[in-house]
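Written out below as structure tokens is the structure these notes cover.
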Amino acid sequence: MKTTLRGRSLAKRPRPELFKRYPGTPGSNGCQVVIGTNSPIGFIPTGPSLSSVWKKSKHLYLLKWLEPLGYVDSGSLNVGPSRSWKSMEMEIESSLEKLLDINDSMSRCAATASATSSINQKLARHRDILHEYTQEFRRTKGNLNSMREHAELLNSVRDAISESKASGSMSPRMQLLRERASVHGSTSHIDEVISQAQATRSVLGAQRALFGDVQGKVKHLGEKFPIIRGLLGAIRRKRSRDTLILSAVIAACTLFLIIYWLSK
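Numbering (our numbering) for the sequence shown: 371 to 634.
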């Protein structure tokens with residue numbers, strides 16, 4: 371299989387020696403510890419489907435090259451005549467799930483056997499690698515979906531512009547889209563004004579409730595303590611008397627001014 375990405379040819383390289391096996395007894399759950407030299411997995415569980423799982427998990431190395439996937443078109447990456455992006459996505463997701471199962475099996479092997487510090491470090495490194503591959507796959511998938519939606523939108527706009535140029539006037543579809551956008555903008559503006567009015571109304575209602583609460587508390591205190599009620603009554607009477615005196619002074623001054631003006 372030959373993969374081409376941005377003009378770079380990635381031929382299939384010869385597989386180096388991946389593992390060196392240390393003497394020891396297999397664990398109680400049918401797995402034994404192997405430490406890899408050039409492998410991303412330092413120790414893996416043994417079993418009949420190990421080779422197939424390992425071959426499929428090797429597809430995860432493609433994620434290193436799929437990072438610029440959002441910047442190339444579908445013809446820049448040739449992985450087979452019958453291979454589509456959807457099938458490739460499903461295959462990578464399946465490989466990620468199987469690699470997660472492999473990491474879980476390795477953790478169980480390390481828990482049952484007497485794991486050393488180097489094995490624990492390799493376990494942590496494999497978990498970090500799985501997390502990095504998963505994040506990179508999600509980011510690449512999001513970039514690809516965004517580019518596909520952007521391309522579809524550009525194609526629809528380009529077709530609409532071509533139709534309007536060919537007809538010599540704006541097509542009914544474009545007119546409806548423009549009217550819809552205008553109505554949507556007006557509706558959004560009205561919604562903002564209504565929300566502001568509702569917020570102002572709620573603030574005024576809260577202030578009114580606060581003032582009513584204060585007035586009720588003062589009235590309750592006046593009813594509860596007769597001294598305070600008498601003091602409040604004296605304050606009201608003094609205020610009324612001051613008002614009457616001030617009114618009489620203003621009336622006398624006005625009368626004196628009128629008499630002085632008439633006597634001149």
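No residue lacks a Cβ here, since even glycine has one placed at the ideal position from N, Cα and C.
Residue i: buried (16+ other C-beta within 10 angstroms of its C-beta) or exposed?
i: F507; result: buried
i: S558; result: exposed
i: C479; result: buried
i: L466; result: buried
i: T510; result: buried
i: A551; result: exposed
i: I635; result: This structure gives no information on residue 635, because the portion of the chain shown stretches from 371 to 634.
i: I462; result: buried
i: A579; result: exposed
i: A483; result: buried
i: S421; result: Here the model assigns S421 a pLDDT of 41, short of 50, so the residue's position is not dependable, and the following value carries that caveat. Exposed, by the Cβ-count rule.
Among the candidates the options, whose CA atom is the shortest distance from the CA of residue i?
i: M544; options: G555, S526 and D561; result: S526
i: L500; options: K468, C479, P542 and D529; result: K468
i: H496; options: N473, A483, G512 and A481; result: N473
i: L503; options: G586, L616 and S464; result: Checking the sequence shown, residue 503 turns out to be Tyr, not Leu. Ranking the options by Cα distance to Y503, first place goes to S464.
i: G603; options: I615, A576 and V588; result: V588
i: L547; options: A530, I560 and Q566; result: A530
i: W455; options: N515, D498, D471 and N490; result: N515
i: E459; options: I489, N490, G512 and L470; result: G512
With a cut-off of 8 Å on the beta carbons, I'd call residue i and residue j a contact; round off their distance for me.
i: L493; j: M476; result: 6 Å
i: L591; j: I598; result: 6 Å
Can you tell me where the alpha helix (DSSP H) holding residue i begins and where it ends?
i: A622; result: P596 to S633
i: T482; result: W455 to T482
Examine the ligand GDP and report whether any of its heavy atoms sits within less than 8 Å of the Cβ of residue i.
i: A621; result: Questions concerning the ligand GDP fall outside what the structure shown contains, since it holds no ligand whatsoever.
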